[in-house]
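Working notes for the structure below.
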DNA sequence: AGAGATTACTAAACCGCTCTAGTAAATGGG
DNA sequence: CCCATTTACTAGAGCGGTTTAGTAATCTCT
């Protein structure tokens, strides 16, 4: 009752195990009749290749790694992560490549896993998320010489291929939109400054505001948590120069901010416009629904998968991929500010 | 510049490769001095075992599989899944077992992956989620004889060990709570009837209502989506006998329901009490914050991991694990109904 | 018809590690 | 001091495939 090996098939079909190997791998060197006989024998015995045996011979692991250093809470909370995962999967499983997922404490542990999985030949490549400013993981992966794709860019990921959306362009268009509505005091509840994209968005906000001669436009960094998003909003709404519009870097923080506005009796959108830099179920599900910059996260995962598979097939051949700039979906949370409407 | 093998270490340490294998695996048969020398050589050459080579000899794959048949949207949307994943990881990585994740179209594909990964020796066991009524996966896994743990119970998972919380008890306590507040007309926006736990909850609601002689208590099945949660709520609020309290089977649907209430001008909790059967960031983040049954999903993942590892170590030794019954966290969305307060 | 090419197949090495069987030297007991 | 046991090690088979080198039979061409 033990699992069949190619030797068993060879015996049943009356040929050598090399012939079986050829037949099963569509290689020349077996006559159609014999091939047919071998395939039937294999099917009858319900044979499946032993992954390890193939891998030992130097074949692919047919798996890629995704190592994430984040607190568990964040992973559950952000729709982004789940959608990315699903998109990655879709892209990979078409080529029957599996995904090895590992959640670790910190970047040091993450790097250790990269080293281990690489030398154990456990995976064929890696997907790197949450690109940091001066990211330590990039040089390590370059040194290991393992195929890897970074979700983020357009810079900061060294020689590794990056897949990125133009956050700068998106932020500028957002500022344009709010300014066109009449907003002059715009606040930005940003994410973690350690992240590359957070910095880029903050810079873009400044630039956009200067271009349009806006009175106030400033960013408040947070750790991306709902708690900090809420307290940042509280501080903004209680402050002396209350903004008329707030841009939140994530859907979670936008919804937290919305709750704070409700709690403080500030009507949205009448008294405050709210925009999320990330679109998801969250922004659609709440009332009022939140105007948000949306990108196709599922599709993004698919593009990352495709890029990584290409990098595995032909190392060095792959260049950066710029995905579509996030587009604004206007919902109920934005409107011209009270002052502008009065004028 | 190729990766070192035990042969290389053997040469450098001046011993045979068997000696190296013994030393590296803490087996007797090498003197302390030699062992020390071998370990140093291995460390100097930065040697790591080749997983496939070990696996070929019959060793563990040191990985478990999680195959999920759900639409991508759901995976992104529900905090539950991410938290479970993180908890699983935490439990597994302590024993350096990796998680193979696969997202598939349907149950048929899921079963096919079980078969493939089992015969390829790709994983040592499986975690099974979303237990269905008369689940087809259970007999297949039993037949394959592969260790597996089912998230769900206390019945319907055959001889496989199950990890479950007492949904029935939880629903009964929920009904008790609402009845104590004075609610007599309670609606239940349920999940998919194909799921085992949905049926159990529906039955528990009926039983609880009968016990307390409640006028109306009925369940409306949905597909767990925010869209169906919203439309079910709309129907309930527009219907002739509007309930004074609604129990939602998931956090996503509860929040969608909340938005519908706001949109229809029904104040929560003044005109309607809302309870979620699932607690998460979502229920806390919205305004009003939603009263919810909470369980430690992260911890649950850890328990599933522990149970599966035990099942792998000693097949047949593991019995069901009943986890803590979800406990109610009262927030702002529940209150005595208007009629009761008048009296 | 005979040399060379092609076809259909087999034998065996190889991937990196584990583990059993075997051997030589050191140790111990009476 | 000699035989039995233990210790410290080595040789080599085996895990399940892939792949190279080799062989016998058939085909092709002049």
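Residue numbers (UniProt numbering), protein chains in the order written: chain A, 1 to 343; chain B, 1 to 343. The C-beta atom is built at its ideal place from N, Cα and C for all residues, glycine as well.
- The beta carbon of residue 168 (chain A) sits closer than 6 Å to the beta carbons of 200 and 204 from its chain, once the five residues preceding and following it are set aside; these are given in chain order.
- Excluding residues up to 5 positions away in sequence, 103 lie with their Cβ nearer than 6 Å to the Cβ of residue 68 (chain B) in the same chain.
- About 7 Å separates the beta carbon of residue 237 (chain B) from that of residue 260 (chain B), a gap short enough to meet the 8 Å contact definition.
- Residue contact check for residue 226 (chain B) against chain A: a CB pair falls below 8 Å.
- Shortest Cα-Cα distance from residue 145 (chain B) to any of B:322, B:117, B:177 and B:163 involves B:117.
- In chain order, 55, 121, 122, 123 and 124 place their CB closer than 7 Å to the CB of residue 61 (chain B), counting only its own chain and leaving out the 5 sequence neighbours on each side.
- With its beta carbon at least 8 Å from every one in chain A, residue 22 (chain B) lies outside the interface.
- In this structure, residue 303 (chain A) lies near residue 321 (chain A), with their beta-carbon atoms less than 8 Å apart.
- Residue 34 (chain B) and residue 5 (chain B) have their alpha carbons spaced roughly 18 Å apart.
- With contact defined as three or more Cβ pairs closer than 8 Å, the segment 13 to 31 of chain B and the segment 302 to 316 of chain A are not in contact.
- The alpha-carbon of residue 26 (chain B) is positioned some 16 Å away from that of residue 47 (chain B).
- Residue 106 (chain A) and residue 90 (chain A) have their C-alpha atoms roughly 27 Å apart.
- Considering only B:230, B:214 and B:212, the residue with the shortest C-alpha distance to residue 220 (chain B) is B:230.
- For a Cβ distance threshold of 7 Å, residue set 285 and 286 of chain A lies close to residue 255 (chain B), ordered along the chain.
- Taking the beta carbon of residue 186 (chain B) as reference, no residue of chain A falls within 7 Å; the closest one sits roughly 23 Å away.
- Boundaries of the beta strand (DSSP E) around residue 68 (chain B): 63 to 69.
- The Cβ atoms of residue 85 (chain B) and residue 252 (chain A) do not sit closer than 8 Å to each other.
- Counting only Cβ-Cβ distances below 9 Å, residue 120 (chain A) has contacts in chain B at 48, 49, 50, 51 and 52, in chain order.
- Residue pairing from DSSP places residue 185 (chain B) in a beta bridge opposite B:216.
- Collapsing the DSSP output to three states places residue 257 (chain A) in a helix.
- Secondary structure of residue 273 (chain B) (DSSP, three-state): strand.
- Under the DSSP assignment, residue 59 (chain A) falls outside any alpha helix (DSSP H); it carries neither an H nor an E label.
- Apart from the 5 residues on each side of it in sequence, residue 39 (chain A) sits with its Cβ closer than 7 Å to the Cβ of 23 in its chain, given in chain order.
- Against residue 247 (chain B), chain A offers no close residue; the least beta-carbon distance is about 18 Å (beta-carbon pairs closer than 7 Å).
- In the DSSP assignment, residue 117 (chain A) falls within the unbroken alpha helix (DSSP H) covering 107 to 119.
- At a cut-off of 8 Å between C-beta atoms, residue 75 (chain A) counts as an interface residue with respect to chain B.
- For residue 262 (chain B), the C-beta contacts it makes with chain A under 7 Å involve 287, in order along the chain.
- Rounded to the nearest whole angstrom, the C-alpha separation of residue 137 (chain B) and residue 128 (chain B) is 9 Å.
- Judged by pairs of C-beta atoms under 8 Å, the segment 232 to 246 of chain A does not touch the segment 292 to 302 of chain A, as fewer than three such pairs exist.
- Your pair residue 202 (chain B) and residue 190 (chain B) checks out as a contact, with CB atoms roughly 6 Å apart and the cut at 8 Å.
- Residue-level contact check: residue 147 (chain A) does not touch chain B, since none of the beta carbons of chain B fall below 8 Å from its beta carbon.
- The continuous stretches of alpha helix (DSSP H) do not include residue 321 (chain B), which lies in the beta strand (DSSP E) extending over residues 321 to 323.
- The three-state secondary structure of residue 98 (chain A), taken from DSSP, is strand.
- Residues of the same chain with a CB within less than 7 Å of the CB of residue 185 (chain A), apart from the 5 flanking positions on each side, are 215, 216, 241, 243 and 244 in chain order.
- Counting only Cβ-Cβ distances below 8 Å, residue 87 (chain A) has contacts in chain B at 72, in chain order.
- Residue 149 (chain B) sits in a strand when the DSSP states are folded into three classes.
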